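Undergrad:
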Amino acid sequence: MSSAWRAELFWVVLLALALAFLIRLSGSWFLALGVCALIYLCRHLFYINRLIYWLRGGKSSELPQGDG
Numbered sequence: 008m009s010s011a012w013r014a015e016l017f018w019v020v021l022l023a024l025a026l027a028f029l030i031r032l033s034g035s036w037f038l039a040l041g042v043c044a045l046i047y048l049c050r051h052l053f054y055i056n057r058l059i060y061w062l063r064g065g066k067s068s069e070l071p072q073g074d075g
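Just so you know, we're using my numbering here: the sequence shown kicks off at 8 and counts up by one.
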């Protein structure tokens with residue numbers, strides 16, 4: 008299994024656990040699914056922003072890190 012598949016599997020398992028916890032905590036499927044969808048969307052937006060930065064000529068080693 009490649010590292011990309013392992014990373015994706017990690018996120019799926021993490022979101023499944025978050026979904027189960029939020030359903031148990033709130034009792035609402037809709038709220039739990041909404042929070043998990045938001046987490047997943049933010050993750051993909053982060054990767055899209057990195058791709059745009061790289062396509063504009065930045066190198067991956069020059070990616071901004073946090074508040075710096």
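Glycine included, every Cβ here is placed at the ideal spot set by N, Cα and C. The model shown is predicted, which means the values in this text are computed figures rather than measured ones.
What are the boundary residues of the alpha helix (DSSP H) that R57 is part of?
TA: Position 50 of the sequence shown, counted from the first residue, corresponds to residue 57. Here the alpha helix (DSSP H) through R57 covers W36 to L62.
Undergrad: In whole angstroms, give me the CA-to-CA distance for S35 and R63.
TA: Here residue 35 corresponds to residue number 28 of the sequence shown, with the count starting at 1. Here residue 63 corresponds to residue number 56 of the sequence shown, with the count starting at 1. Cα-Cα distance, rounded: 42 Å.
Undergrad: Alpha carbon to alpha carbon, how far is I59 from L24? Give it in angstroms, no decimals.
TA: If you number the sequence shown from 1, residue 24 lands on position 17. If you number the sequence shown from 1, residue 59 lands on position 52. The alpha-carbon atoms of L24 and I59 are separated by roughly 31 Å.
Undergrad: In angstroms with no decimal places, state the Cα-to-Cα distance between L22 and A39.
TA: Working through the sequence shown from its first residue, we reach residue 22 at position 15. Working through the sequence shown from its first residue, we reach residue 39 at position 32. When rounded, the distance between both Cα atoms is 10 Å.
Undergrad: How is S33 classed by DSSP in three states: helix, strand or coil?
TA: Looking up residue 33 in the sequence shown gives position 26. In the structure shown, S33 sits in a helix (DSSP, three-state: H, G or I).
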